[in-house]
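So the sequence shown is residues 1195 to 1521, counted in our numbering. Ideal Cβ positions, reconstructed from N, Cα and C, are used throughout, including at glycine. Nothing here was measured: the structure is a model prediction, and the numbers come from that model.
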Amino acid sequence: MVVQSDSQQRFEKMVAMAERLGIQLSNDVHADFLQSIEFNSVQIFDYLPDFALMIRSMISKKEFTFNRGAITAIEQGILIAFNNYFDDGFEETGLQKTVLIEEIPSIQIVPLHSGSSIQLPKHAHQKQIFIMVSIDYLQSLLKEELSRFDFLFGRANQFFIEEFMSADILRIANEISKSGIQPALPAFYYKLKTVELLYFLFRDLRKRKETAHQNLSAGELKAIYKVRDALLVRLNEPIPVKDLVRIAGMNELKLRKLFIQIFGLGLYAYFQRIRMQEAARLLREENLTVSETGYRLGFTNLSHFTRLFEQHMGSKPKKWSMEKGLG
């Protein structure tokens, strides 16, 4: 009898769910997954045809690329990925005593009828919550608010939306993903928590300025993410727009329009939002002082840094640090 490893058993759960969703994996892909990925945890909750929930934590043992086909079990729907917002309780032991690459936190929304490509560098640590939800179910929840989200519901629409985390989403994501804790009435509990996540996500999306959405090509999406990545690399000062236009390979008007369509914010507003999230991380994870954090991010006027931090994070940096148990 062949004894499967914990990681392999978790992967088999994913394979079973993939087949339920209409995704077929060849034997070669199956083998490549097992050779490339260590699955720390996988939980799946099936509420189809309305929605399905998957919570997973994994580490890539080598560079890995996987092209996923369309999800067909839900005739029309969207895939929502909450990436790297929760603590999976993973502790580095043995093989994982290397420095792991922690992916950038994000919430990403794509249509189910579109395939996707997963590209991971070696030692990438991913913690994700996926919700695959039918449009019919969403429409039953949104009712009178439907018109605000028309761009999500067109059968032929090709969109890609990325949203920031709110405190409510962070709280629910961590409640859902608590490692090793089994709630009472689990099927009921996870259904309730999934609906909560959907509520807070659509509450936040509703705050976006209404704009006309256009279908995105793969090349356009790649270009916008090149710009996003350039902004992330240099948080101590904004990059001139002319340089961002050159990076994107498109005119300024189109760059600004597509950037807002994907991220819900303009270039400079997004830069400042990311900057303040990095400030929060430096205070929380590296225990820097307020002045050290401000100077690290290019602020010479600490009063301006404090005002900006409060605007984005809800409290002044010193108070925020104390509330998080750091002061």
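Three-state secondary structure assigned by DSSP to residue i
{"i": "R1402", "result": "coil"}
{"i": "I1529", "result": "Residue 1529 lies beyond the stretch modelled for the chain, which goes from 1195 to 1521, so this question has no answer here."}
{"i": "Q1408", "result": "coil"}
{"i": "L1425", "result": "helix"}
{"i": "F1503", "result": "helix"}
{"i": "Q1313", "result": "strand"}
{"i": "Y1462", "result": "helix"}
{"i": "L1482", "result": "coil"}
{"i": "M1470", "result": "helix"}
{"i": "T1487", "result": "helix"}
{"i": "A1378", "result": "coil"}
{"i": "P1511", "result": "helix"}
{"i": "F1245", "result": "strand"}
{"i": "F1354", "result": "coil"}
{"i": "L1336", "result": "helix"}
Exposed unless 16 or more other CB atoms sit within 10 angstroms - verdict on residue i
{"i": "L1289", "result": "Note that L1289 scores 48 on pLDDT, short of 50, meaning its location in the model is unreliable; the coordinates nonetheless yield the value given after this. By the 10 Å Cβ count, L1289 comes out exposed."}
{"i": "K1403", "result": "exposed"}
{"i": "Y1279", "result": "buried"}
{"i": "V1243", "result": "One point to set straight first is that residue 1243 is Pro, not Val, in the sequence displayed. By the neighbour-count rule (16 or more Cβ atoms within 10 Å), P1243 is not buried but exposed."}
{"i": "S1371", "result": "buried"}
{"i": "S1251", "result": "buried"}
{"i": "E1414", "result": "buried"}
{"i": "M1211", "result": "buried"}
{"i": "M1516", "result": "exposed"}
{"i": "S1411", "result": "exposed"}
{"i": "D1282", "result": "buried"}
{"i": "I1468", "result": "buried"}
Spatially closest choice to residue i from the options, by CA coordinates
{"i": "H1307", "options": "E1296, P1315, I1329, H1317", "result": "I1329"}
{"i": "P1380", "options": "S1199, A1212, Q1237, E1213", "result": "Q1237"}
{"i": "A1406", "options": "K1451, N1261, E1339, I1468", "result": "K1451"}
{"i": "R1440", "options": "V1421, L1482, K1316", "result": "V1421"}
{"i": "N1234", "options": "I1217, F1260, D1222, K1207", "result": "K1207"}
{"i": "V1223", "options": "M1444, Q1471, N1261, S1199", "result": "N1261"}
{"i": "L1447", "options": "L1496, V1435, L1392", "result": "V1435"}
{"i": "A1318", "options": "E1296, A1212, I1217", "result": "E1296"}
{"i": "G1458", "options": "K1401, S1497, R1490", "result": "K1401"}
{"i": "E1269", "options": "S1341, S1310, I1456, Y1331", "result": "Y1331"}
Same chain, Cβ closer than 6 Å to residue i, five either side skipped, listed in chain order
{"i": "L1314", "result": "S1254, F1258"}
{"i": "T1487", "result": "A1473, L1476, L1477"}
{"i": "D1240", "result": "A1246"}
{"i": "L1364", "result": "Y1279"}
{"i": "L1438", "result": "V1421"}
{"i": "L1294", "result": "H1317, H1319"}
Beta-carbon proximity list for residue i, same chain, < 8 Å, skipping 5 on both sides
{"i": "Q1466", "result": "L1502, H1506"}
{"i": "D1398", "result": "E1357, F1358, S1360, I1363"}
{"i": "G1460", "result": "R1450, F1453, I1454"}
Nonlocal neighbours in the same chain, by C-beta distance under 7 Å from residue i, ignoring five residues either side
{"i": "L1520", "result": "Caution applies to L1520, whose pLDDT of 47 falls short of 50 and renders its modelled position unreliable; the value that the coordinates give is listed next. Closer than 7 Å at the Cβ level, and outside the excluded window around L1520, lie L1477, R1478, N1481."}
{"i": "K1385", "result": "Y1241"}
Practice task
Check whether the stretch 1298-1305 touches the stretch 1261-1278, counting contact only when three or more Cβ pairs, one atom from each stretch, lie closer than 8 Å.
Solution key: yes
Handout entry: Sufficient close CB pairs (3 or more, under 8 Å) joining the stretch 1353-1365 to the stretch 1325-1340
Key = no
Problem - Contact between the stretch 1315-1324 and the stretch 1418-1432 (3+ Cβ pairs under 8 Å) - result: no
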